[in-house]
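Respectively, the protein sequence lines represent chains G and P.
Reading the first sequence from the start, the letters are residues 447 to 617 in my numbering.
Reading the second sequence from the start, the letters are residues 5 to 285 in my numbering.
Backbone N, C-alpha and C fix where the C-beta goes; we use that ideal spot for every residue, glycine too.
Below is one structure; the comments refer to it alone.
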Amino acid sequence: TGSSAPLNEAMAVLQHHDAVSGTSKQHVAYDYARQLAGGWEPCQVLLSNALARLSRSKAAFTFCPNLNISICPLSETASSFQVIVYNPLARKVDWMVRLPVSKSLFVVKDPNGKAVQSSVVVTPSTEQRDLSELLFSASVPALGFSVYSVAMSNSPAPRVHKLKTKSKKPS
Amino acid sequence: THILTIENEFIRATFHPKTGLLMQIENLEKNLLLPVQQGFYWYNASVGDNRSSQTSGAYIFRPTRQQPLPVSRWARTQVVKTALVQEVHQNFSAWCSQVVRLYPGQRHLELEWTVGPIPVTDSWGKEVISRFDTLLETGEVFYTDSNGREILERRRDYRPTWTLEQTEPVAGNYYPVNTRIYITDGQVQLTVLTDRSQGGSSLQKGSLELMVHRKLVRDDGRGVDEPLMELGSGAWVRGRHFVLLDTVKTAAAGHRLLAEKVVLAPQVVLSQGDSVLYNLW
């Protein structure tokens with residue numbers, strides 16, 4: 447059973463104590479993080495239930511909370527997967543989806559099964575490893591969602607865009 | 005000698021050939037050109053002085069001097085250009101980097117910065133800022149929002165309801181920025197949207213700055229009794245600044261629509277695709 451109440455409560459506690467400002471002892475900051483993580487768990491179930499009901503199909507939905515630092519185990523390992531993009535705005539939005547991947551060539555299809563333009567970009571990472579990201583533009587209706595399917599392609603011609611390095615030395 | 009640019013149908017960003025820093029932004033739609041130098045600087049945190057024993061800490065921002073020090077005067081740059089994105093990766097130091105990004109159809113420049121872990125082995129607390137320097141004749145005025153609603157005019161060394169005796173020339177001019185800060189000369193407006201609440205100011209004519217991260221070695225004596233020195237994942241911070249160059253007349257429409265898109269951003273959920281028909285019961 448999903449619920450947003452624990453996350454609501456955690457947010458209320460954090461906001462009441464100005465938890466994001468750094469004005470707490472470290473062990474208290476850890477407890478704020480624990481409360482947020484604990485609140486997110488049942489909220490994730492609630493979102494999965496809502497998505498299943500709206501899409502009329504039940505699947506094991508995966509959330510990638512570390513997407514901002516290019517970490518998403520599912521997109522990095524799966525040969526095919528679906529990307530559900532939900533738009534909370536009351537107007538249509540075009541959004542560039544970026545997902546970390548380990549391979550170089552993918553076919554991305556829109557909700558109508560039509561292939562959309564995509565590219566894989568290799569970017570430098572702070573962890574000393576090359577990182578590839580799959581990019582494609584998603585179009586999402588107002589207060590709704592779009593489901594894009596991604597599959598690894600067998601085509602032999604990879605379209606990986608490598609970075610051009612241009613080092614500068616101090617004058 | 006090669007001048008590096010990234011551009012789409014609306015924006016062109018030019019980088020200095022020698023330093024790799026952002027040098028100029030152009031709004032191609034409105035034919036606006038603004039020389040902008042953007043870089044990262046840090047304020048040395050005060051440990052108290054003759055005037056006051058107050059140190060810089062979690063609650064208190066109190067730099068030792070008015071001028072911040074540059075993290076680096078140049079950046080090692082790497083460029084990626086594809087049909088879907090154009091990026092300039094700037095590496096300022098081992099603990100400070102940035103990606104300047106443009107997507108097709110986008111009317112703003114996206115600056116994704118990564119800062120940390122801030123080194124304090126020299127025993128100096130550091131409060132890191134991203135600063136935009138322009139030639140805009142902004143006087144002493146800049147604007148910040150209040151919880152994304154009312155935009156308030158801020159004037160350096162001034163309070164609208166009392167006569168201010170400024171004792172902290174930097175911190176005394178810092179204001180909360182919840183979603184945006186901007187400067188204007190009455191014709192052209194440079195707006196920076198944030199993805200989180202930050203402190204911001206304009207300490208010089210045509211300049212705009214936002215504090216992105218801080219690490220302090222002393223407690224400020226306000227009750228926490230610990231210096232602001234996170235060691236875990238909090239030691240690294242990654243965030244984004246969205247930069248808009250527009251005319252004053254049309255700037256509000258641009259930054260309001262973009263702020264909605266940033267605050268209420270689309271949510272991405274993945275599934276492996278093995279699904280069964282959902283039954284409400």
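Suppose the cutoff is 7 Å on Cβ atoms and the five residues either side in sequence are ignored; what does the same chain contact list for residue i look like?
i, result
"G190/P", "V252"
"N95/P", "A79, R80, S101"
"D199/P", "G243, R244, V266"
Quick one: is residue i near chain B, going by C-beta distance under 7 Å?
i, result
"T86/P", "In summary, chain B is missing from the structure at hand, where the protein chains are G and P."
So for residue i, helix, strand or coil by DSSP?
i, result
"D477/G", "helix"
"V145/P", "strand"
"T18/P", "strand"
"G203/P", "strand"
"P74/P", "strand"
"A458/G", "helix"
"V272/P", "strand"
"Q58/P", "coil"
"A584/G", "strand"
"A597/G", "strand"
"W46/P", "strand"
"C518/G", "coil"
"Q170/P", "coil"
"N495/G", "helix"
Sort the options by Cα distance to residue i and report the nearest one.
i, options, result
"M27/P", "R55/P, R158/P, A79/P", "A79/P"
"G484/G", "V543/G, G448/G, S525/G", "G448/G"
"Y162/P", "L194/P, S50/P, E144/P, Q193/P", "E144/P"
"R66/P", "R260/P, Y178/P, Q208/P", "Y178/P"
"N283/P", "M598/G, Y476/G, R502/G", "R502/G"
"N512/G", "V273/P, V196/P, T167/P, L281/P", "V273/P"
"S494/G", "T508/G, P519/G, K555/G", "T508/G"
"L500/G", "R544/G, Y532/G, S599/G", "Y532/G"
"T569/G", "E169/P, R105/P, S205/P, I29/P", "R105/P"
"R16/P", "W46/P, D250/P, W166/P", "D250/P"
For my contact list, residue i and residue j are in at a C-beta cut-off of 8 Å; report their separation, rounded to the angstrom.
i, j, result
"L156/P", "I185/P", "Contact flag wrong, Cβ pair sits at about 11 Å."
"K219/P", "V124/P", "6 Å"
"S450/G", "L492/G", "5 Å"
"T195/P", "D149/P", "That belief does not hold up - the Cβ atoms of T195/P and D149/P are roughly 10 Å apart, past 8 Å."
"A239/P", "P121/P", "4 Å"
At least one CB of chain P closer than 7 Å to the CB of residue i: is that the case?
i, result
"F527/G", "yes"
"K538/G", "no"
"F552/G", "no"
"N514/G", "yes"
"G559/G", "no"
"G468/G", "yes"
"P616/G", "At P616/G, the pLDDT of 47 sits below 50, so the modelled position is not reliable; the number obtained from the coordinates is stated separately. Answer yes: the Cβ-Cβ gap between P616/G and chain P drops below 7 Å somewhere."
"Y594/G", "no"
"V474/G", "no"
"K549/G", "no"
"P604/G", "Confidence at P604/G is low in this model, with a pLDDT of 46, below 50, so the placement of that residue is unreliable and no value is reported for it."
Between residue i and chain G, is the shortest Cβ-Cβ distance under 7 Å, so that the two count as touching?
i, result
"Q70/P", "no"
"P270/P", "yes"
"E157/P", "no"
"Q276/P", "yes"
"A239/P", "no"
"E172/P", "no"
"Y299/P", "Since the first residue shown for chain P is 5 and the last is 285, residue 299/P is missing from the structure and cannot be characterised."
"R135/P", "no"
"L232/P", "yes"
"V92/P", "no"
Who are the near neighbours of residue i in its chain, counting only those whose CB is closer than 6 Å to its CB and skipping five residues on each side?
i, result
"K538/G", "P587, A588"
"L268/P", "none"
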